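The structure under discussion appears below in the form of structure tokens.
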Amino acid sequence: DAGVIQSPRHEVTEMGQEVTLRCKPISGHDYLFWYRQTMMRGLELLIYFNNNVPIDDSGMPEDRFSAKMPNASFSTLKIQPSEPRDSAVYFCASSFFWKGKGTEAFFGQGTRLTVV
Amino acid sequence: AQSVTQLDSQVPVFEEAPVELRCNYSSSVSVYLFWYVQYPNQGLQLLLKYLSGSTLVKGINGFEAEFNKSQTSFHLRKPSVHISDTAEYFCAVSFSGGYQKVTFGIGTKLQVIP
């Protein structure tokens, strides 16, 4: 498997524009996570899905952020409208939950978002 | 709720010297523990994990960590570091049952000095 694939790798957009980040998890994984990494806050969990269903979105900072997982092989994180303070690296990760054993999350390369 | 504290934001160490990166966690239930490494402009990759059994866990690149339940710690160690170990290291915790929500520490930047 190619691992978790995120696109684009870099995104520069103007304030007020809509931004969509994309993620393809590892085939067979049943959990998908979206994280945001900044110097000030470190790595924050925004939302995660289990079997395409959002389980916990308490980390989503504002209503401007939304995430979807229409099927097991694709997820999007959308910011509308974008603001300069949204500038960060956004990571997608996936994992397979094996009850009683646990497993690690596999991360994509990240999308570096810059809002000017 | 579970949480992770990494006590050192930056750790400078000379090449070939030993290093310990500290991690403490809090949780009211049994947990799984992880250490991840992030090289510049890369995603995170797993170094090692503790699920159960032996409290001393060995990982990739010569790293190891010891789970100490009484002190709720999971410190990462390496007896002799290389320049290539310069990176940021993240401790993480998840519940051992139920939904698998992984919580990360703030990270520790390891700088290996030639």
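Going down the list, the protein sequences come from chains A and B. Residue 49 in the working numbering sits at position 58 of the first sequence; the count goes up by one each step and never skips. In short: position in the second sequence from 1, add 26, done, that's the working numbering. Think of the CB as a built atom: it goes at the ideal place given N, C-alpha and C, for glycine as much as any other residue. Quick caveat: nothing in here was measured; it's all calculated off a predicted structure.
Assigned exposure category for residue i - 16 Cβ within 10 Å defines buried
i	result
T129/B	buried
D111/B	buried
P16/A	buried
M60/A	buried
I38/A	buried
E114/B	buried
G79/B	exposed
G99/A	buried
S54/B	exposed
Proximity to residue i [Cα-Cα], best of the options
i	options	result
D34/B	V138/B, I139/B and G131/B	G131/B
I(-4)/A	Q71/A, F97/A, F40/A and L104/A	F97/A
S120/B	R48/B, W61/B and N67/B	W61/B
D21/A	E9/A, F88/A and V106/A	F88/A
L73/B	L47/B, N94/B and K127/B	L47/B
I109/B	N94/B, V138/B, Q32/B and I86/B	V138/B
V44/A	S18/A, L23/A, R0/A and Q100/A	L23/A
D48/A	E41/B, F93/B, P140/B and K127/B	K127/B
A58/A	R0/A, P(-1)/A, V10/A and S18/A	V10/A
P110/A	S18/A, C14/A and N62/A	Here chain A covers residues -8 to 107 and nothing more, so residue 110/A does not appear.
V63/B	L77/B, I86/B and S99/B	I86/B
Nearest-angstrom Cβ-Cβ length linking residue i and residue j, presumed shorter than 8 Å
i	j	result
V39/B	L136/B	7 Å
Q28/B	Y51/B	7 Å
F89/B	K75/B	The pair is not a contact, with the Cβ atoms about 12 Å apart (cut-off 8 Å).
T102/A	S78/A	Actually they are not in contact, since the Cβ atoms of T102/A and S78/A sit about 11 Å apart, beyond 8 Å.
L70/B	F116/B	6 Å
Backbone CA spacing between residue i and residue j [nearest angstrom]
i	j	result
E35/A	Y26/A	5 Å
M30/A	S64/A	30 Å
T81/B	A84/A	27 Å
K69/A	Y81/A	11 Å
E95/A	N67/B	21 Å
I46/A	P52/A	16 Å
Q97/B	G(-6)/A	36 Å
S73/A	S106/B	45 Å
F56/A	G133/B	25 Å
P75/A	N94/B	42 Å
E5/A	Q71/A	11 Å
K84/B	V107/A	44 Å
E92/B	H1/A	38 Å
R32/A	Y65/B	18 Å
Paired residues, beta bridge with residue i - DSSP
i	result
P38/B	Q137/B
F88/A	None; F88/A has no bridge partner.
C49/B	DSSP, once it has assigned bridges, lists no residue as partnering C49/B.
D21/A	Note: D21/A sits in no beta bridge, so no partner.
I(-4)/A	K15/A
F98/A	A84/A
R27/A	E35/A and Y81/A
P45/A	F40/A
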